[in-house]
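Residue numbers (this note's numbering): 1 to 346. Scroll down for the structure; my scribbles are underneath it.
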Ligand code: AQP
């Protein structure tokens, strides 16, 4: 595999209240990556419409996710911040990848099974095809690294399979057009840290999720301090005090989740947290967690509210980001079309 220029791409769907899982598993890590990589961060609105979205709400949520990116510390002068539907190359490459990916591969995707549920026949074709569009999002930029939560691991594996099959199927044309041995990188998922999978506050075996009907299952980025305090205090726990070693968190999903959240918010490890709080009762630990969560999330929520009050500014950030994104994607997709054998407009 030839060396590809290091580039980070990741996206967040504008599909509802952003929560602590989205923040710790993704957005907080996006911010940190800016120091090391050239980054593109996308509000994936084409993905959002794979399930029904009220048009007015969708517009509002696209701006709100953009505000969350900026409020969390993504610098639009350094990183490319944009929404997917403004860059047509995502959908164009997705079509070509639809003809590379195999039905059998998509049939294995667990997220489709979970989201379509029992009413599979009634799910949109877009929901089924979601992972192919995700591969196109990443590979339109030939991105080498993708920071995501653990729930996206299987989709990243599919992205690598599509890249590999394209590189193999078109190996002759790729070389002929001067791109060497491979046109697409085999993108690395960057999954990790203490909050790669933040769980529901009501059930430590279920992922914290936007679509959970109980608002008490998640902390939203726009929750005020009182709401954060109430949700943490009501979070499910068990009767034992916290252990002093991480081995003691096994089979205690709720305890493990709260310790992981504390660690991620504090840029620490589970070991660090247990060194300080091992032996503590949950009442004391939850008090410390409320203080920490309010200190870290309060300023982000306040800044988000300030930013969404000025949609003109957000739209200008998105427009500039889209132009920068398209400048990277357009030559890549033109090259893909040459490789596939299409005739260019001259
Ligand atoms: N609970 C989580 N823990 C860690 N990371 C998470 N992510 C989502 N939930 C958790 C990560 O957040 C990024 C953006 O997610 P998304 O907006 O694309 O959609 P999602 O994963 O479908 O989010 P939800 O909340 O789970 O929505 P619903 O309820 O609709 O399914 C991704 O990097 C994701 O891994």
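Built from N, CA and C at the ideal position, the CB exists for glycine as well. Predicted model only: the values in this text are computed from it and were never measured.
The straight-line gap separating the alpha-carbon atoms of residue 30 and residue 192 is approximately 12 angstroms.
The Cβ neighbour count for residue 103, taken over all protein chains shown within 10 Å, is under 16; the residue is labelled exposed. Across the structure, residue 239 and residue 14 are spaced so that their CA atoms are roughly 38 angstroms apart.
When beta bridges are read from the DSSP output, residue 199 appears opposite 207. Spanning the alpha carbons of residue 12 and residue 249 requires a straight line of approximately 30 angstroms.
When DSSP states are grouped into helix, strand and coil, residue 145 belongs to the strand group.
Per DSSP, the continuous beta strand (DSSP E) segment holding residue 10 begins and ends at 7-12. Residue pairing by DSSP puts residue 189 in a beta bridge opposite 146.
In this structure, the CA atom of residue 338 is about 24 angstroms from the CA atom of residue 9.
From the listed residues 217, 46, 310, the smallest Cα separation to residue 89 is found for 46. Segment contact: the stretch 69-82 against the stretch 121-139, fewer than three CB-CB distances shorter than 8 angstroms; contact not assigned.
Relative to the ligand AQP, the beta carbon of residue 212 is positioned inside 8 angstroms of a heavy atom. Considering only 294, 251, 123, the residue with the shortest C-alpha distance to residue 230 is 294. Between residue 174 and residue 201, the C-beta spacing is not below 9 angstroms.
The stretch 166-185 makes contact with the stretch 136-144; the number of CB pairs closer than 8 angstroms reaches 3 or more.
Exclusion of the five residues before and after residue 63 leaves 308, 311, 314 as the residues of its chain whose Cβ lies within less than 7 angstroms of its Cβ. Counting along the chain, residue 43 sits inside the beta strand (DSSP E) bounded by residues 38-43. Considering only 134, 167, 171, 170, the residue with the shortest C-alpha distance to residue 155 is 134. Per DSSP, residue 80 is not a residue of any alpha helix (DSSP H); the beta strand (DSSP E) it occupies stretches across 80-83.
With respect to the C-alpha of residue 300, the residue from 1, 20, 44 having the closest C-alpha is 20. Distance from the C-beta of residue 13 to the nearest heavy atom of the ligand AQP is below 8 angstroms. Checking the 8 angstroms criterion, the Cβ of residue 147 is within range of a heavy atom belonging to the ligand AQP. Assignment of residue 220 by DSSP, reduced to helix, strand and coil, places it in the strand class. For residue 289, the CB contacts under 6 angstroms within the same chain, skipping 5 residues up- and downstream, are 232, 262 in chain order.
Our two residues, residue 150 and residue 179, have alpha carbons roughly 32 angstroms apart in a direct line. At a threshold of 8 angstroms, residue 10 counts as near the ligand AQP, since its beta carbon sits closer than that to one of the ligand's heavy atoms.
Per DSSP, the unbroken alpha helix (DSSP H) holding residue 230 starts and ends at 225-234. The beta carbon of residue 33 sits closer than 7 angstroms to those of 8, 39, 147, all from its chain and outside the five residues before and after it, given in chain order. For residue 70, the closest of 296, 169, 27, 264 by C-alpha to C-alpha distance is 27. Of the candidates 65, 268, 78, the residue whose Cα lies closest to the Cα of residue 36 is 78. The C-alpha of residue 282 is placed about 46 angstroms away from the C-alpha of residue 162. The beta carbon of residue 298 lies closer than 7 angstroms to those of 225 in the same chain, with the five residues before and after it left out.
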